[in-house]
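Residue 67 in full-length UniProt numbering sits at position 67 of the sequence shown; the count goes up by one each step and never skips.
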Amino acid sequence: MNTLTELFGEVIYSYTLEQALVDGILVKTGHLQPSGLPVVFTSNLFEDVKDHYKEIIATGLELLNKPDEEDTPYMKLRVIETGSIWVVANAEGVTFMKPEDY
Numbered sequence: 001m002n003t004l005t006e007l008f009g010e011v012i013y014s015y016t017l018e019q020a021l022v023d024g025i026l027v028k029t030g031h032l033q034p035s036g037l038p039v040v041f042t043s044n045l046f047e048d049v050k051d052h053y054k055e056i057i058a059t060g061l062e063l064l065n066k067p068d069e070e071d072t073p074y075m076k077l078r079v080i081e082t083g084s085i086w087v088v089a090n091a092e093g094v095t096f097m098k099p100e101d102y
C-alpha cells in the first residue's frame, strides 16, 4: 500500500485521458518525441487558440524545459499567459489549459 492510499483510501473512480478524449473534454494535438507522450489541450482552451496552438505548444515546451523550484518528480506546471494559459507535464503527457480547467 502506498502513502496516498494510506492517507486517502482506495480510489473510487478515475477519469482517464482516453475517456476525456472520447468525451471531447480534451483535444489531442500531437505527441512528444521520443517518448510518444500525448500533447493535449482542453477543448475550452483549444476553441480559443486553434489558429495558433502550435506557437503555444512551442512556448510551453520551452518553459517546461527550464527547471523550477516548485517542480515535483510527478508534475511540472508553467504559466504561459497569466490568468489565461497554463501547461502541465506529468506521466500522462502534456496538457495545455485555462486555469479554470485545472
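Even glycine gets a Cβ: it sits at the ideal position worked out from N, Cα and C.
The model shown is predicted, which means the values in this text are computed figures rather than measured ones.
In terms of Cβ geometry, G93 and R78 do not form a close pair [threshold 8 Å].
Residue environment: T82 is assigned as exposed (fewer than 16 neighbouring CB atoms within 10 Å of its CB, all protein chains considered). In this chain, the alpha helix (DSSP H) harbouring E6 covers T3 to F8. For the 8 Å CB-CB criterion, V87 and L63 form a contact. Ranked by how close their Cα comes to the Cα of N44, the residues A20, G9 and E10 have A20 in first place. In this chain, I12 is not harboured by any beta strand (DSSP E), its DSSP state being neither H nor E.
DSSP places G83 outside both helix and strand once states are collapsed to three, so it counts as coil.
With a beta-carbon spacing of about 17 Å, K76 and T42 fall beyond the 8 Å limit used to define contacts. V27 and F46 do touch by the CB rule: their CB atoms are close to 5 Å apart, below 8 Å.
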